[in-house]
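For the sequence shown, the residue numbers in the UniProt record's numbering are 1 to 161. No residue lacks a Cβ here, since even glycine has one placed at the ideal position from N, Cα and C. Beneath this line is the structure, given in structure tokens, with notes to follow.
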Amino acid sequence: MGLYVVGDQFTQLVALGKVYDSASTIHNVPYADDVVRVSVLIVYDGDAQVPFPTSEIQFVRQALGTFVGWPSHLVKPAFDQDSQKRVLKLVGPVEMGNAVDGVDPLGELGKNLYDVYQKPIELSWDGTKFGIPNAKDGFFITHVDVTKIILCDKYLNIFIL
């Protein structure tokens, strides 16, 4: 079930959890009839405040894997109409910190993909290094081969290697 909190002008899905119908107490604290006992399984917005904060649990991220009280009107199927009202927090660009500036070979290969599609690249090679005497012909790298390299989901043909 979706666990929602009420924001300024919207209802926001902050976590997914499992509802337990057992007792009206959670961690020896009695709750009203309109509060259900939930176990938080997946957190979407860990910085959101839980509806009933305790000394140990103030934010949704702290409730992961534990039982907490949640208002029953804010526990509903996660793909309800209200989930369309969910507002995602925009985050700024990631700071690269100590990242090394350099050439991105896969990025450059992706930029040249159209050119390779139009005309495959012919590479020459020294066949004697592979034990093949008198190998004078080169081999071609095609659009399909470059796509396999970029996507990393298939192996190249053994003839190319």
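| Item | Value |
| --- | --- |
| Opening and closing residue of the beta strand (DSSP E) in which Pro53 lies | Element bounds for Pro53: n/a, residue is neither H nor E. |
| Member of Ile141, Asp126, Phe140 whose CA lies at the smallest distance from the CA of Asn134 | Asp126 |
| Simplified DSSP assignment, three categories, for Lys119 | coil |
| Three-state secondary structure assigned by DSSP to Phe130 | helix |
| Beta-ladder partner(s) of Thr142, from DSSP | According to DSSP, Thr142 bridges with nothing at all. |
| Beta-bridge partners of Pro71, as assigned by DSSP | Val35 |
| Cβ contact (3+ pairs, closer than 8 Å) linking the segment 7-22 and the segment 37-48 | yes |
| Cβ neighbour criterion (16 or more within 10 Å) applied to Leu123 | exposed |
| Cβ shell of Gly7 (< 6 Å), same chain only, five flanking positions each side left out | none |
| Per-residue burial, Ile57 [other beta carbons within 10 Å of its own, 16 or more giving buried] | buried |
| Bounding residues of the beta strand (DSSP E) (the contiguous stretch that carries Lys18) | 11-20 |
| Unbroken beta strand (DSSP E) run spanning Gly7, endpoints | No beta strand (DSSP E) holds Gly7; DSSP gives it neither H nor E. |
| Per-residue DSSP class, three states only, for Lys89 | Low local confidence applies: a pLDDT of 47 at Lys89 is under 50, so the model's placement there is unreliable, and no value is given. |
| Local conformation of Lys148 per DSSP, three classes | helix |
| Bridge-paired residues (DSSP) for Gly2 | Leu16, Lys76 |
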